[in-house]
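Below you'll find the structure, written out as C-alpha cells, and then a few comments.
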Amino acid sequence: MDPDHTVETLDAREIDGEPFSDIMSAIDGLGGEESVLLVNSFEPVPLYDVLDARGFDYETSQIADDEWHVTITPQ
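Heads up: take any position in the sequence shown, counting from 1, add 81, and you land on this note's numbering.
Rendered as C-alpha cells:
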C-alpha cells in the first residue's frame, strides 16, 4: 500500500442500531488515497452489492468467528 494512503477504521460493533448510514457516510467522503476498514461481527454480504454499484473495491478477511474486516477503497 502507498505510504501516503490513509485508512480510517469504522467499528460497526460499536454503533447503536443499523450501521448502514454510518458506513455510507464514511465511504462517500473517500478520496483516491483513502480507505475505510470496516470491522463487523459478521460478514456483511448485502453490503457488497452496494459497494459494487457505487464503484468501490473491497477486500474481506475473517479475523475470528465473530470478527470480520472489510477494507473499502474507491476504484
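Cβ atoms here follow ideal geometry from the backbone N, Cα and C, with glycine treated the same way.
Rounding to the nearest angstrom, what Cα-Cα distance links residue 113 and residue 106 in this structure? The straight-line gap from Cα to Cα measures roughly 16 Å.
Neighbour-count burial assignment, residue 144, 16 or more Cβ in a 10 Å radius: So residue 144 ends up on the exposed side.
Chain B beta carbons: is any one of them nearer than 8 Å to that of residue 100? Included in the structure is just one protein chain, with no chain B present.
Alpha carbon of residue 103 to alpha carbon of residue 133, nearest angstrom: Rounded to whole angstroms, the gap between the alpha carbons of residue 103 and residue 133 is 18 Å.
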